[in-house]
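Quick note on the working numbering: the sequence shown kicks off at 223 and runs consecutively. Just so it is clear, CB atoms sit at the ideal spot from N, CA and C, and this is done for glycine as well. Treat the numbers as computed from the prediction; the structure is a model and nothing was measured.
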Amino acid sequence: MVWDVRATLREEPPSAQPGAARRLVVIGQDRVESQLLVDRVQVTIGRGEDCTIQLDDPLVSRVHVVLHVGETLEVEDMGSANGTRVRGERLAPRTPVTVALGEVFDVGTTLLVVQAVDATAAPRRVRPHSHLEARLEDECLRRTRAKKRPFGLVRVRLDGDFDRAEVERVLGAALIDDDLLAAWGPAEYELLVLDGGRVERLVSKVESDLAALGVRVRLGSARHPADGVTVDALLDAASVHRATDENAPVLEDPAMRDLYRLLERVAHGSIPVMLLGETGVGKEVLASAVHRASPRHAGPFVRLNCAALSESLVESELFGHEKGAFTGADQAKAGLMEIASGGTLFLDEVGELPLASQAKLLRALEQKEIMRVGALKARPIDVRLVSATNRELEAEIEAGRFRRDLFYRLNGVALKVPPLRARTVEIGTLARRFLDRAAIDLGLARAPALSEAALARLEAYEWPGNIRELRNMMDRAALLAGDIVEPIHLPLDKLDVSEWSQTAPPATPQELADLAPEDRAARERIVQALEVCGGNQTRAADLLGVSRQTLSKWLGKHRLPRPRRDREK
Numbered sequence: 223m224v225w226d227v228r229a230t231l232r233e234e235p236p237s238a239q240p241g242a243a244r245r246l247v248v249i250g251q252d253r254v255e256s257q258l259l260v261d262r263v264q265v266t267i268g269r270g271e272d273c274t275i276q277l278d279d280p281l282v283s284r285v286h287v288v289l290h291v292g293e294t295l296e297v298e299d300m301g302s303a304n305g306t307r308v309r310g311e312r313l314a315p316r317t318p319v320t321v322a323l324g325e326v327f328d329v330g331t332t333l334l335v336v337q338a339v340d341a342t343a344a345p346r347r348v349r350p351h352s353h354l355e356a357r358l359e360d361e362c363l364r365r366t367r368a369k370k371r372p373f374g375l376v377r378v379r380l381d382g383d384f385d386r387a388e389v390e391r392v393l394g395a396a397l398i399d400d401d402l403l404a405a406w407g408p409a410e411y412e413l414l415v416l417d418g419g420r421v422e423r424l425v426s427k428v429e430s431d432l433a434a435l436g437v438r439v440r441l442g443s444a445r446h447p448a449d450g451v452t453v454d455a456l457l458d459a460a461s462v463h464r465a466t467d468e469n470a471p472v473l474e475d476p477a478m479r480d481l482y483r484l485l486e487r488v489a490h491g492s493i494p495v496m497l498l499g500e501t502g503v504g505k506e507v508l509a510s511a512v513h514r515a516s517p518r519h520a521g522p523f524v525r526l527n528c529a530a531l532s533e534s535l536v537e538s539e540l541f542g543h544e545k546g547a548f549t550g551a552d553q554a555k556a557g558l559m560e561i562a563s564g565g566t567l568f569l570d571e572v573g574e575l576p577l578a579s580q581a582k583l584l585r586a587l588e589q590k591e592i593m594r595v596g597a598l599k600a601r602p603i604d605v606r607l608v609s610a611t612n613r614e615l616e617a618e619i620e621a622g623r624f625r626r627d628l629f630y631r632l633n634g635v636a637l638k639v640p641p642l643r644a645r646t647v648e649i650g651t652l653a654r655r656f657l658d659r660a661a662i663d664l665g666l667a668r669a670p671a672l673s674e675a676a677l678a679r680l681e682a683y684e685w686p687g688n689i690r691e692l693r694n695m696m697d698r699a700a701l702l703a704g705d706i707v708e709p710i711h712l713p714l715d716k717l718d719v720s721e722w723s724q725t726a727p728p729a730t731p732q733e734l735a736d737l738a739p740e741d742r743a744a745r746e747r748i749v750q751a752l753e754v755c756g757g758n759q760t761r762a763a764d765l766l767g768v769s770r771q772t773l774s775k776w777l778g779k780h781r782l783p784r785p786r787r788d789r790e791k
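Following this line, the structure appears as structure tokens:
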């Protein structure tokens with residue numbers, strides 16, 4: 223069957239109906255897609271990477287045509303080599319021509335048409351956070367390699383009461399085409415905006431539209447690559463927590479106050495900074511703070527965990543490689559030092575760098591240029607280096623495992639972060655903050671309180687894992703505790719469950735109604751963990767911080783039916 227594409231498209235109504243939106247339909251030889259249009263914007267169409275609609279068409283110029291979207295629609299040819307045709311006639315260059323809805327215009331071998339659509343007919347699907355993270359990772363990888371135009375991430379935090387359906391309608395209406403809407407907890411949403419140039423307009427529109435509904439909102443935004451080139455960096459940069467008073471750095475310990483005063487002064491220069499401290503003490507947070515307070519804050523902040531790479535990969539990651547430089551290098555790749563140019567490069571666990579890589583890093587820093595693997599010409603770089611380590615580098619130098627000259631090059635200013643056990647005055651504040659964030663992640667109406675006995679246990683603990691360990695413990699406590707976190711929830715792996723039955727029959731409705739509040743809360747946490755993990759008891763046990771055997775006993779104690787095995791495993 224042969225479809226008459228032009229006849230079909232012209233069946234659109236001549237004008238948009240009340241409440242309708244408009245979309246641009248692109249029909250190429252192997253491509254059919256659409257994009258919603260926003261009033262009072264210009265949509266550029268062509269082969270160039272900076273175009274709103276990029277066409278892989280050899281007959282299309284770099285910037286071929288512009289579609290002016292307003293009360294009327296106007297098409298303007300930008301002086302293209304092969305022209306733009308409307309109603310079969312070639313347009314004069316730089317002369318806007320009005321087109322009606324449903325009217326086709328030709329650009330090379332591609333057909334384009336603007337149609338009216340009912341914006342409220344099909345609300346945008348709200349995806350889970352895990353789906354958004356996967357899309358973010360794909361976009362970061364694809365656009366970093368190909369140097370495509372920027373994309374953006376917007377995070378929206380809602381306060382007070384609100385109508386979820388109305389909020390999701392507003393957020394969905396602000397997105398176009400393949401943009402993504404996701405939920406992160408019951409009161410926070412995330413928007414992946416594939417055109418980074420729209421981020422500021424989108425933030426302004428969402429804020430005003432939600433304010434019209436009487437919804438209090440806080441928004442944060444980030445763009446790739448200016449605010450980061452990794453998923454974690456973009457999520458952190460767009461976090462609505464960072465900008466709020468309750469999520470400001472905890473500086474209740476005198477040593478931490480002094481550290482941050484020194485950090486703010488050091489950040490204004492360009493001198494390299496070395497952060498020292500135990501694992502999990504928060505060195506990456508400090509590195510990010512140095513970048514944000516520096517004159518380079520508008521540039522990218524790029525992270526590299528030196529301990530996570532083998533010696534054979536370090537050079538490619540730092541300096542990049544050309545196509546065909548080695549087996550598997552099927553395309554050229556920019557290194558992190560090149561990507562971070564104009565911004566900050568954070569080398570975490572720098573003491574783990576192999577000696578050969580240390581020499582090449584020193585040379586790049588001294589000469590301010592890098593040579594991609596397989597390249598014949600050096601590339602200039604302009605990066606500010608922040609490094610971190612939990613090793614005693616002086617001892618590593620004496621042992622011959624770290625270069626003395628590189629140490630002096632990195633150690634412009636050394637800042638030592640005290641361990642958590644040395645600043646117990648901050649433990650309570652940090653623990654409550656982590657409980658608040660965990661409650662958002664778990665979809666709880668409110669975060670559990672921290673009892674005095676539980677706080678005393680936290681303050682008496684040695685914290686070998688420092689803040690990272692505290693955060694993980696609070697995540698687990700929020701999942702298991704009811705309204706109050708008690709010592710029994712800390713730590714979870716020492717709960718006494720030996721008396722719990724594994725074979726008790728399911729609880730009756732009356733027995734469930736008669737449960738004590740703490741038993742009902744514990745039962746709900748177990749059910750929630752199983753739902754999050756799709757009924758997989760091993761993963762649910764990991765989430766709850768207990769063994770698989772312990773979870774089995776909990777199921778018996780709380781008279782919960784055992785989930786069926788995941789059939790996809």
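Beta-carbon to beta-carbon, Leu403 and Leu416 are separated by about 12 Å, too far to satisfy the 8 Å threshold. By the criterion of a C-beta distance shorter than 7 Å, Cys755 is surrounded in its chain by Arg761, Ala762, Leu765, once the five residues flanking it on both sides are discounted. The three-state secondary structure of Leu712, taken from DSSP, is coil.
When rounded, the separation of the alpha-carbon atoms in Ala433 and Arg781 is 46 Å.
Scanning the stretch 557–631 from its first residue to its last, the whole alpha helix (DSSP H) runs of 4-plus residues come out as 558–561, 577–589, 615–620. Val291 and Cys273 have their C-alpha atoms some 15 Å from each other. The three-state reading of DSSP puts Thr306 in strand, counting E and B together. Residue pairing by DSSP places Tyr411 opposite Val378, Ala405 in a beta bridge.
From the listed residues Gly546, Leu575, Ala699, the smallest Cα separation to Glu533 is found for Leu575. The beta carbon of Ala751 sits closer than 7 Å to those of Leu701, Ala762, Leu765, Leu766, all from its chain and outside the five residues before and after it, given in chain order.
Assignment of Lys638 by DSSP, reduced to helix, strand and coil, places it in the strand class. Here Gln276 is near Arg269, since their CB atoms are less than 8 Å apart. Contact between Leu414 and Leu354 holds: their C-beta atoms lie close to 6 Å from each other, under 8 Å.
If the five residues before and after Leu295 are omitted, its C-beta is found closer than 6 Å to the C-beta atoms of Val321, Val336, all from its own chain and listed in chain order. The beta carbon of Arg606 is closer than 6 Å to those of Ser492, Arg518, Thr566 in its chain, skipping five residues each way along the sequence. The C-beta of Glu410 has 16 or more other C-beta atoms within 10 Å across all chains shown, which makes the residue buried. In terms of Cβ geometry, Glu708 and Ser673 form a close pair [threshold 8 Å]. Taking Thr651 as reference, the option from Leu397, Pro471, Ala597, Leu637 with the minimal CA-CA separation is Pro471. The DSSP-derived three-state label of Lys545 is coil. Membership of Glu298 in the beta strand (DSSP E) is indicated by the continuous run 295–299.
In this structure the stretch 354–365 does not lie against the stretch 327–335, because fewer than three pairs of beta carbons, one per stretch, are closer than 8 Å. Bounds of the alpha helix (DSSP H) holding Phe656 are 649–664.
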